[in-house]
Structure formats: structure tokens, C-alpha cells
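K.L.:
Chains as they are written, first to last, in my numbering: chain A, 64 to 164; chain B, 170 to 632.
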Amino acid sequence: MSEIKMTDADIKHLGKLANLPLIDSEINSLRLPLAESLDYVKNLSDLKTENAKETHHTGDLLNQTFADGTKNKRLLTPEQATANAAFQKKGYFVVKRIMHE
Amino acid sequence: MLGTSTTNLIRLLQKKSISAKELTMYFLKRINTYNDKLNVYLTLMDDSSIPTEMPKGLLAGIPIAVKDNFSTAGMRTTASAKVLDSYVPPYDATVTSKLKLAGATILGKTNMDAWAHGSSTETSDYGPSKNPWDTTRAPGGSSGGSAVAVSAYLAPIAIGSETAGSVRQPAAWCGTVGLKPTYGRISRYGVIAMGSSLDCPGPLSATVEDSALMLKVLAGHDEFDATSAQRPVDDYVGFLKENKKYTIGVTDTYFEGVEDSVKEKVHESIKILEKMGHKIKKIDLIPPKYAISVYMIIQRAEVSSNLARFDGIRFGNDRSAFAREAKRRIMLGAYTLSHGYYDAYYKKAQKVRTLIIEDFKRVFKEVDMIVAPTTPVTALKLGEFEKYPFFGEMMDVLNEPASVAGIPAINVPGGMDKNGLPVGLQFIGNYFAEKDLLNISHQYEKETNYFDIVKNGFANYKD
Chain A
64 MSEIKMTDAD IKHLGKLANL PLIDSEINSL RLPLAESLDY VKNLSDLKTE NAKETHHTGD
124 LLNQTFADGT KNKRLLTPEQ ATANAAFQKK GYFVVKRIMH E
Chain B
170 MLGTSTTNLI RLLQKKSISA KELTMYFLKR INTYNDKLNV YLTLMDDSSI PTEMPKGLLA
230 GIPIAVKDNF STAGMRTTAS AKVLDSYVPP YDATVTSKLK LAGATILGKT NMDAWAHGSS
290 TETSDYGPSK NPWDTTRAPG GSSGGSAVAV SAYLAPIAIG SETAGSVRQP AAWCGTVGLK
350 PTYGRISRYG VIAMGSSLDC PGPLSATVED SALMLKVLAG HDEFDATSAQ RPVDDYVGFL
410 KENKKYTIGV TDTYFEGVED SVKEKVHESI KILEKMGHKI KKIDLIPPKY AISVYMIIQR
470 AEVSSNLARF DGIRFGNDRS AFAREAKRRI MLGAYTLSHG YYDAYYKKAQ KVRTLIIEDF
530 KRVFKEVDMI VAPTTPVTAL KLGEFEKYPF FGEMMDVLNE PASVAGIPAI NVPGGMDKNG
590 LPVGLQFIGN YFAEKDLLNI SHQYEKETNY FDIVKNGFAN YKD
């Protein structure tokens with residue numbers, strides 16, 4: 064049995080945060096796996112981390128910057144960039160209106 | 170020709186015993202015969218791409234299978250997800266362009282777990298691939314299609330990618346060599362991102378020599394991937410000639426919860442290594458179960474960020490096309506990154522990640538590498554994954570520590586279990602110690618010939 068409880072409202076809220084449309088049957092099928100995963104990871108509290116720094120990257124890289132002009136080499140033309148879009152017009156992506164009068 | 174290694178195929182091509190066109194046609198014919206049964210390739214090359222002349226380069230004329238999460242200009246790339254069902258990338262991943270520059274021919278794109286989320290290919294939106302040793306079983310994953318391609322000789326060599334276990338685990342279940350290099354050794358540019366601080370492209374092959382050759386072609390700094398390593402690329406193939414004697418660590422924690430028949434084979438291999446003159450040393454390591462938790466938190470967090478870009482506006486279908494496993498992972502990531510939970514989950518996981526890294530660094534002062542089973546069990550029946558809340562993590566438990574630390578590891582076939590299924594043996598090395606992992610694996614291959622596993626696997630799929 065899972066100790067962490069996830070309510071329907073929690074799952075709907077996560078769906079909203081993640082921008083995922085969820086149907087009712089999915090809300091039910093997601094409840095247990097999410098709670099079980101969160102229960103499992105509690106084992107990390109066995110380990111003392113007061114003095115540990117966080118690892119963001121395993122390679123110890125510092126201040127990586129692009130050389131001038133590097134980015135230009137991988138530019139796509141408007142035609143290439145919009146070739147896979149469901150809706151496009153004259154090399155632009157067509158999106159739903161987000162502001163209304 | 171059946172089962173000829175990539176290295177030997179290159180010799181045949183150079184001697185003109187076979188042409189690049191004939192070789193490509195040979196594999197296309199085999200794919201035509203076996204693809205329906207094994208469900209390996211999602212997309213195949215156009216006939217117009219079949220080479221008519223001998224190209225130039227280290228892999229000139231060699232046909233290669235590429236996992237479907239590497240962008241291939243002009244060739245459909247889905248990551249086995251319906252969200253990208255009709256996506257045709259306008260550019261090549263760096264791995265893809267390096268293969269092309271080396272004169273290779275891309276045969277097609279191989280099936281995988283959707284978005285690389287899983288360890289059996291069963292989360293693929295295009296149906297699972299089948300294990301060539303027993304088609305009622307899963308091949309492992311997420312690079313399952315690439316492992317099957319190599320194991321059934323539907324390509325002489327294949328490209329996979331690993332976030333935690335996705336090269337080594339299917340290689341173990343299908344009985345092939347699978348190399349996960351150090352994080353940053355091979356560019357991630359153009360790979361459909363999963364866990365950006367973890368993702369590593371890597372080859373699956375029939376021999377260690379082929380794996381060394383492929384690493385030589387693919388490794389190196391990439392101006393398009395800021396996290397790719399600056400350091401020079403070693404002569405991996407040349408170094409195979411050295412007969413190095415190593416000190417190899419063994420830890421009990423990597424045998425806990427491992428099936429008896431797997432344990433038995435790995436212990437036999439350890440004895441073989443000892444007999445070959447290597448020194449075996451007992452070591453302590455943080456138990457892998459903690460790496461599962463670190464991985465589960467960090468990977469889900471990175472997934473939720475990376476998969477946010479699939480909005481159906483610029484390419485692909487909208488977010489309603491995501492299947493259940495992707496939704497689970499995205500939502501868990503959204504949870505652990507949320508205000509109020511970030512410190513308890515994400516930050517804590519990043520700190521434990523540091524402990525795991527320090528633990529490996531300490532051990533690599535005592536030993537050159539670690540030997541362990543690759544997977545706790547051999548290939549499971551299709552459908553078994555449904556019984557686990559986080560199947561991928563349980564199958565990859567012995568792979569996750571190295572992935573979390575960003576160090577290299579390699580799977581080699583280490584015997585057969587009582588059901589006639591391959592057992593995987595892995596060597597885990599220090600940062601950028603790929604040449605040593607390849608060296609020990611090559612020595613082991615020469616000593617055992619992998620108990621004829623690779624050879625017998627090919628024999629099951631006659632021309």
C-alpha cells in the first residue's frame with residue numbers, strides 16, 4: 064500500500080502544470096504509480112547530505128559559450144523550419160489567438 | 170557473409186570482394202525476411218539512397234541501424250512516439266552527420282521505448298520489438314530495436330542511446346556488446362532529448378573491436394553541444410592490442426536481488442578474469458537502490474522540461490498524443506520541481522548524486538574498473554513490465570549508478586542461463602576510461618568468444 068495519497072485534484076493540477084490533457088480513466092491509472100514512485104524515493108533520507116554540494120552536471124564544465132558564428136551554421140530557412148508545422152503561412156507558424164479584445 | 174563483423178566487412182569492401190551496394194542490398198533483403206517477425210525497423214532507407222559507388226571514410230560502405238531518436242535529415246524520426254508520427258527532421262544529429270561523413274549508409278531507424286522511456290520497447294507506440302532468442306520475450310530497451318538488429322544480423326552494427334541502461338540492458342538481453350561512454354564523450358546534438366544531464370549515445374555491436382571503431386568515429390567535442398567534452402579522443406582500436414593487466418573491483422551490493430543463474434555466470438566470468446591474470450579486489454559501494462531514486466527524480470524532472478517543447482505547433486502532433494508512460498514521467502517531474510517540493514526531491518537527489526560520484530572516485534583510486542552483472546534477470550516475457558510500478562528502474566538498477574555519475578560502462582555477453590537466454594556482464598570504468606573498458610572486454614572476448622553466444626544468435630536467423 065502506498066503511504067503518499069494523491070487526490071484527483073492533485074493529479075488534475077499536475078496535468079495542468081504539465082500541459083497534459085487528462086481523461087478521467089487516466090486520472091485513476093496515474094494515481095498509484097505516481098504515489099508509489101514518491102514513496103520509493105523516500106529512501107534518499109537514509110543518506111546524510113548536509114555537507115554535499117549539488118551536482119548539476121557530471122563533467123565539471125564552466126562557462127561554456129558559443130564561438131562567434133557557430134550558431135549561424137545551424138540556422139534553418141523559414142521553409143525548413145515550418146516544413147513540419149500543421150499550420151503555417153508564408154514561412155510563419157500559425158498559432159491560436161492568445162489575446163482577446 | 171552472415172555474422173561477419175563490421176571490421177571484417179570493411180576489409181571485404183576495401184578488397185572489393187563485395188561492393189557497398191551489394192552489402193546494403195544484402196541487409197535490406199534480410200530485413201525484408203525478418204522485420205515482420207522482430208519489429209526492428211520503423212522506417213527504412215529509400216532505394217535512391219543505396220550507394221552506387223564506394224564512399225570514403227572509416228566506415229565506407231557500412232550499413233548501419235540508427236535508433237529512432239537520432240535526427241536524420243529527410244528521414245522520418247519518431248522516437249517511437251505518435252506525437253512525432255510524421256516528423257521529418259530538417260537537419261542531422263551530430264552522430265548522424267558523423268556517420269555520413271565516415272561513409273556509412275543509414276539502413277533505417279530502429280524501434281525503441283517511446284521517448285526512450287522504458288526498458289523493453291513495450292512502451293513504443295508502434296508495438297514492441299521481439300527478442301531474437303525467444304520472440305515471446307522482450308529485447309530490453311530502450312534501444313531494443315538496435316540490440317535486435319545486431320543480434321539477428323539485420324545490421325552489422327547499430328547506434329543506441331542510454332540515459333540509464335538503455336544501451337547496456339538490451340545488449341545484455343539480446344547477447345551483444347553495448348557501450349555507454351562517459352557523459353559528454355559523444356555529442357547529444359540532434360538526439361531527441363530525454364534526460365539532458367544523463368543522455369549518452371553509444372554503439373551496439375557483435376565485437377568489441379567494432380565498438381571501439383564506432384566510438385572513434387563518434388567521439389569528440391561538438392560546437393553544437395556545450396556539454397560535449399573538450400578532451401582529445403583516444404586511439405580506442407589501437408589500444409586493443411595492449412594486453413593490460415587490471416585490478417578489477419567486485420562489490421556484493423551489485424549482486425543483491427540478482428537471479429541465481431545470472432549470479433552464477435558472472436561469478437564464473439570473474440574466475441576467468443582472475444585466471445587471465447587480472448587481480449580481483451573486494452570493494453564497497455553505495456547500494457544501487459539509491460541511484461534508482463536519484464535517477465527517478467532527476468530524469469523525470471528533465472523529462473518534464475524537455476518534453477514541454479512538444480506542443481504540435483512547429484512540428485508533430487499536439488500533447489493529447491502522449492501515451493501513458495510519458496504522461497506519468499512528465500507529471501512526476503512537474504511534481505518534484507514544484508514550489509515547496511523542489512528542495513525535498515530535486516535538490517536532495519542532486520546532493521545524493523554528488524555522494525555517488527564521490528563514492529566512485531574513491532573506489533577508482535583502488536581499482537581500475539568494476540565488474541558486475543548488467544541486469545538482475547535475463548529477458549522477461551512480453552507483458553511482464555505491466556506488473557512493475559517502475560519497470561525500467563527495476564531492470565536498470567545495476568546500470569543507474571554509472572549513469573547518474575556520468576562514467577562509462579560496457580556490456581558483454583557473459584554466458585547463457587538455464588532457459589537459453591544471454592546473461593550480461595558489465596565493466597564500469599572511471600571518467601573517460603573507455604579505452605580500458607574496451608581493452609578488458611576485448612581480452613575477455615578473445616578468451617571466451619562469448620561462449621559462442623553471438624555466433625549462435627546469428628545462426629538462428631539464416632540468410
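Here a beta-carbon is modelled for each residue, glycine too, at the ideal position from N, C-alpha and C.
1. Determine the direct distance from the alpha carbon of L192 (chain B) to that of K517 (chain B), and round the result to whole angstroms.
2. Looking at the unbroken alpha helix (DSSP H) that takes in E603 (chain B), where does it start and where does it end?
3. If I follow the unbroken alpha helix (DSSP H) through K444 (chain B), where does it start and stop?
4. Can we say the stretch 238–256 of chain B touches the stretch 191–210 of chain B, given the rule of at least three CB pairs closer than 8 Å?
5. Given the structure, does A271 (chain B) come close to the ligand ZN, in the sense that its CB is under 6 Å from one of the ligand's heavy atoms?
6. Please state if the CB of V536 (chain B) and the CB of G359 (chain B) are separated by a distance shorter than 7 Å.
7. Looking at chain A, is there any beta carbon in it that lies within less than 7 Å of the beta carbon of Q612 (chain B)?
8. Looking only at C-alpha atoms, which of B:A333, B:L387, B:K190 and B:E331 sits nearest to L268 (chain B)?
9. From the beta carbon of Q338 (chain B), is the nearest beta carbon of chain A less than 7 Å away?
10. Which residues, in order along the stretch 511–522 of chain B, keep a beta-carbon less than 8 Å from a beta-carbon of chain A?
11. Is the Cβ of T70 (chain A) closer than 7 Å to any Cβ of chain B?
12. Please check if any C-beta of chain A sits within less than 7 Å of the C-beta of K267 (chain B).
13. Who are the Cβ neighbours of P224 (chain B) in its own chain at under 7 Å, not counting the five residues just before and after it?
14. Given a cut-off of 7 Å, decide if F156 (chain A) and R483 (chain B) are closer than it, judged by their beta-carbon atoms.
15. Is L95 (chain A) helix, strand or coil when you go by DSSP?
16. Please name the residues in the stretch 146–161 of chain A whose beta-carbon is closer than 7 Å to at least one beta-carbon of chain B, in chain order.
17. Report the CB separation of G313 (chain B) from P339 (chain B) in whole angstroms; it is logged as a contact under 8 Å.
18. Starting from the beta carbon of N82 (chain A), find every residue of chain B whose beta carbon is closer than 8 Å, and list them in chain order.
19. Exposed or buried, what is K278 (chain B) when buried is set at 16 or more other beta-carbons lying within 10 Å of its beta-carbon?
20. Kindly indicate the opening and closing residues of the beta strand (DSSP E) around T274 (chain B).
21. Going by DSSP in three states, Q127 (chain A) sits in which element: helix, strand or coil?
22. Which residues in the same chain have their Cβ closer than 7 Å to the Cβ of M64 (chain A), if we skip the five residues on either side of it in sequence?
23. Using C-beta distances below 7 Å, list every residue in its chain close to T332 (chain B), excluding the 5 sequence neighbours before and after it, in chain order.
24. I'd like to know if E392 (chain B) contacts chain A, where contact means its C-beta is closer than 7 Å to some C-beta of that chain.
25. For Q183 (chain B), count neighbouring C-beta atoms within 10 Å of its own C-beta (all shown protein chains included) and say buried if the count is 16 or more, exposed if not.
26. Grab the span of the alpha helix (DSSP H) containing I622 (chain B) for me, first residue to last.
27. Please check if any C-beta of chain A sits within less than 7 Å of the C-beta of A333 (chain B).
28. Could you tell me which chain B residues have their CB closer than 9 Å to the CB of E99 (chain A), listed as they occur along the chain?
29. Indicate whether P582 (chain B) and Y619 (chain B) have their beta-carbon atoms separated by less than 7 Å.
30. When the Cα atoms are used, what is the spatial distance from R493 (chain B) to A248 (chain B)?
31. Tell me, please, whether the CB atom of K79 (chain A) is closer than 7 Å to any CB atom in chain B?
P.N.:
From the atom records:
1. Reading the second sequence from its first residue, position 348 is the one you call residue 517 (chain B). Reading the second sequence from its first residue, position 23 is the one you call residue 192 (chain B). Across the structure, K517 (chain B) and L192 (chain B) are spaced so that their CA atoms are roughly 52 Å apart.
2. Counting from one through the second sequence, the residue named residue 603 (chain B) turns up at place 434. In the DSSP assignment, E603 (chain B) falls within the unbroken alpha helix (DSSP H) covering E603 to T617.
3. For this step, residue 444 (chain B) is matched to residue 275 along the second sequence. Start and end: D429 to K444.
4. Between the stretch 238–256 of chain B and the stretch 191–210 of chain B, the count of C-beta pairs closer than 8 Å stays below three; the two stretches do not touch.
5. Here there are no bound small molecules, and the ligand ZN is not part of this structure.
6. As a working mapping, residue 359 (chain B) is identified with position 190 in the second sequence. As a working mapping, residue 536 (chain B) is identified with position 367 in the second sequence. No, the pair does not count as a contact, with Cβ atoms beyond the cut-off.
7. In the second sequence, residue 612 (chain B) corresponds to position 443, counting from 1. Q612 (chain B) does not count as touching chain A.
8. Counting from 1 along the second sequence, the entry for residue 268 (chain B) is found at position 99. Minimum Cα distance to L268 (chain B) is reached at B:L387.
9. Along the second sequence, read from residue 1 onward, the residue named residue 338 (chain B) stands at position 169. Chain A contact via Cβ: absent.
10. Result list: Y514, K516, K517, A518, Q519, K520, V521 and R522.
11. Numbered from its first residue, the first sequence carries residue 70 (chain A) at position 7. In terms of beta-carbon proximity, T70 (chain A) stays away from the interface with chain B, with every pair separated by 7 Å or more.
12. For the purposes of this step, residue 267 (chain B) is taken as the residue at position 98 of the second sequence. With 7 Å as the cut-off, K267 (chain B) does not count as an interface residue toward chain A.
13. Within the second sequence, numbered from 1, the residue matching residue 224 (chain B) stands at position 55. Cβ neighbours of P224 (chain B) beyond the five flanking positions: A189, G230 and G272.
14. The count along the second sequence starts at 1 and reaches residue 483 (chain B) at position 314. The count along the first sequence starts at 1 and reaches residue 156 (chain A) at position 93. Taking 7 Å as the cut-off, the beta carbon of R483 (chain B) is found closer than this to the beta carbon of F156 (chain A).
15. Counted from its first residue, the first sequence places residue 95 (chain A) at position 32. Of the three classes helix, strand and coil, the one that applies to L95 (chain A) here is helix, per DSSP.
16. The residues in question are A146, N147, A148, A149, F156 and V158.
17. Looking up residue 313 (chain B) in the second sequence gives position 144. Looking up residue 339 (chain B) in the second sequence gives position 170. Yes, G313 (chain B) and P339 (chain B) are in contact; Cβ-Cβ is about 5 Å, under 8 Å.
18. Your numbering for residue 82 (chain A) matches position 19 in the first sequence. Near N82 (chain A) (Cβ distances below 8 Å), the residues of chain B are A477, D480 and R488.
19. Position 109 of the second sequence, counted from the start, is the residue given in the question as residue 278 (chain B). Classified as buried, K278 (chain B) has 16 or more neighbouring CB atoms from the shown chains inside 10 Å of its CB.
20. The residue given as residue 274 (chain B) occupies position 105 in the second sequence. Membership of T274 (chain B) in the beta strand (DSSP E) is indicated by the continuous run T274 to T279.
21. Indexing the first sequence from 1 puts residue 127 (chain A) at position 64. DSSP places Q127 (chain A) in coil when its eight states are reduced to three.
22. As a first step, residue 64 (chain A) is located in the first sequence; it is residue number 1 there, counting from the start. For M64 (chain A), the predicted structure reports a pLDDT of 48, less than 50, and the residue's modelled location is therefore unreliable. The matter cannot be settled from this model.
23. Here residue 332 (chain B) is taken as the residue at index 163 of the second sequence, counted from 1. Residues A285, M363, G364, L367, D368, Q468 and S572 of the same chain have their beta carbon placed closer than 7 Å to that of T332 (chain B), with the five preceding and five following residues left out of the count.
24. The residue given as residue 392 (chain B) occupies position 223 in the second sequence. Answer yes: the Cβ-Cβ gap between E392 (chain B) and chain A drops below 7 Å somewhere.
25. Locating residue 183 (chain B) in the second sequence gives position 14, where the first residue counts as 1. When all chains shown are included, Q183 (chain B) counts as exposed.
26. For the purposes of this step, residue 622 (chain B) is taken as residue 453 along the second sequence, with counting starting at 1. Bounds of the alpha helix (DSSP H) holding I622 (chain B) are I622 to A628.
27. The residue you call residue 333 (chain B) lines up with position 164 of the second sequence. Look at A333 (chain B): its C-beta is not under 7 Å from any C-beta on chain A.
28. To locate residue 99 (chain A), count along the first sequence from 1; it is residue 36. Under the 9 Å cutoff, chain B gives P558 and F559.
29. As a position in the second sequence, residue 582 (chain B) is number 413, starting the count at 1. As a position in the second sequence, residue 619 (chain B) is number 450, starting the count at 1. Contact: yes.
30. Here residue 493 (chain B) refers to the residue found at position 324 when the second sequence is read from its first residue. Here residue 248 (chain B) refers to the residue found at position 79 when the second sequence is read from its first residue. Rounded to whole angstroms, R493 (chain B) to A248 (chain B) spans 15 Å at the Cα level.
31. Position 16 of the first sequence holds residue 79 (chain A). Not an interface residue.
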